[in-house]
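Throughout the sequence shown, residue numbering follows full-length UniProt numbering, covering 1 to 295 in sequence.
No residue lacks a Cβ here, since even glycine has one placed at the ideal position from N, Cα and C.
These notes concern the structure reproduced below.
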Amino acid sequence: MNGIGQTLKEAREKKGLTLDDLQQTTKIQKRYLIAIEAENFDALPGDFYVRAFIQQYAKVVDLDGDELLAQLEEKTGIKTETPVAHETTTRTEAVRIEQAEKNDFLGKLMNYLPTIIIVIVVVAILGTIYVVAWGNHSKNTESQSSSSQTVSVSSDVKKKKSSASTSSAKKTTSSKTPSAKKKSAASTKQTIENVSSEGSKFVYDVKNAADKNKLELSVSGSAAWSAVSSNGSQVWQGTLNDGGSHTVELPESTTTITISLGNSNSTSLKLNGKKFDYKKENDTLTVRTITLNLK
């Protein structure tokens, strides 16, 4: 029986494709294609990319990618899925860290408790003074209004000036309202900022994210494989063809989104309807892993 690499190579040659042709179609670098055919899987970035590249290669040469991955697991021990034990360990560690953060927060809260109480008392006193002062001001205003009603204004010019002044004040207030709304909208606008880059791994902070986030993946040019995880647990993975798209609705509890791209040159991303231009950090990479920390 031929090995995985030999099977793929023979299928490629049968279709009359060169390695350069395959590189152009799959966007997988030629050196990785050579490594796959030679079954030199250690030359690839990791087990995830070994599986992803074999799936893409098999699709182009009309072979069953799942069958090849089963052979891969039997021969090399590279799993086709993430082990449950690893996921359980990761989740346990996340729970432990979350509990430690809660305990640390409570400790800090107790340290600041006396200061908080003093601030509350001061605010209460200032609030009382404000209410009393406002009450006196209202009484004075009512008294002045009552007195003014007894005065007869005989000049039409004074009435016109008063009316014009009131109209001008209303226009000023009206013109300020849209500006205030724009400032409020700007303060809650979603922003995505790159905080670290290492090889093919990129980390971003997302500020003012939605309570329930949506990630849209779309492909143009050639087929591309992608996977999406929420807080370390995979919620979707698949291969999209040219012109295809898929929207992933993430759980409300999501604080971290991990996106694995097998062909980033053909893949575009949108978070909550806003285009995420991740290629500006490095537009030469084919495969990359993106982590979004929701703030």
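Next on the checklist: Tell me which residues share the same chain as A223 and place their Cβ nearer than 6 angstroms to its Cβ, disregarding the 5 neighbours each side in the sequence.
Outcome noted: T239 and N241
Checklist entry - Which residues in the same chain as E37 place their Cβ atom closer than 7 angstroms to its Cβ, once the five residues preceding and following it in sequence are excluded? => result G5, L8 and K9
Checklist entry - Leaving out the 5 sequence neighbours to the left and right, which residues in its chain are closer than 7 angstroms to E39 when beta-carbon positions are compared? => result G3, I4 and G5
Checklist entry - Excluding the five sequence neighbours on either side, which residues of its own chain have a C-beta within less than 6 angstroms of the C-beta of K30, listed in chain order? => result L19 and Q23
Checklist entry - From N265, A227 and T267, pick the residue whose C-alpha is nearest to that of L250; which is it? => result A227
Next on the checklist: Taking a contact to mean a Cβ-Cβ separation below 8 angstroms, would you say residue 320 touches T286 in this structure?
Outcome noted: Absent from the structure is residue 320, since the part of the chain shown begins at 1 and ends at 295.
Item to check | Residue from K280, E74, P45 and K15 with nearest C-alpha to N194 | outcome: K280
Next on the checklist: Please classify W225 as buried or exposed, where buried requires at least 16 other C-beta atoms within 10 Å of its C-beta.
Outcome noted: buried
Checklist entry - To the nearest whole angstrom, what separates the beta carbons of E252 and D283, a pair I think is in contact under 8 angstroms? => result Not a contact, Cβ separation roughly 33 angstroms.
Next on the checklist: In the DSSP output, which residue or residues are listed as bridge partners for D205?
Outcome noted: E193 and N293
Next on the checklist: Could you compute how far the alpha carbon of N293 sits from the alpha carbon of T247?
Outcome noted: 19 angstroms
Checklist entry - Taking all protein chains shown into account, do 16 or more other C-beta atoms lie within 10 angstroms of the C-beta of S196, making it buried, or fewer, making it exposed? => result exposed
Item to check | DSSP-derived helix/strand/coil call for S260 | outcome: strand
Checklist entry - Who are the Cβ neighbours of R51 in its own chain at under 8 angstroms, not counting the five residues just before and after it? => result L69, L72, I78 and T80
Checklist entry - DSSP three-state call for residue 298: helix, strand or coil? => result Any property of residue 298 remains undetermined from this structure, which presents the chain solely from 1 to 295.
Checklist entry - Excluding sequence positions up to five away, which residues of its chain have a Cβ less than 7 angstroms from the Cβ of V60? => result L22, T25 and T26
Item to check | Straight-line Cα distance separating P114 from V121 | outcome: 11 angstroms
Checklist entry - Between the Cα of Y49 and the Cα atoms of Q190, S200 and V132, which residue gives the shortest distance? => result S200
Checklist entry - Are the beta-carbon atoms belonging to T191 and K214 less than 8 angstroms from one another? => result no
Next on the checklist: Please classify L126 as buried or exposed, where buried requires at least 16 other C-beta atoms within 10 Å of its C-beta.
Outcome noted: exposed
Checklist entry - Would DSSP call A210 helix, strand or coil? => result coil
Next on the checklist: Just list the residues that DSSP pairs E198 with in beta bridges.
Outcome noted: K201
Checklist entry - Going by the CB atoms, is the gap between K295 and E216 shorter than 8 angstroms? => result no
Next on the checklist: Helix, strand or coil for A38? Go by DSSP, reduced to three states.
Outcome noted: coil
Next on the checklist: Quick check: what's the CA-CA separation for F276 versus G243?
Outcome noted: 18 angstroms
Checklist entry - Under a three-way DSSP split, which group does N254 fall into? => result Here the sequence assigns Thr to residue 254, which means Asn is not the residue at that position. Residue state, collapsed to three classes: coil.
Item to check | Outcome for T254 when other beta-carbon atoms lying within 10 angstroms are tallied against a minimum of 16 | outcome: buried
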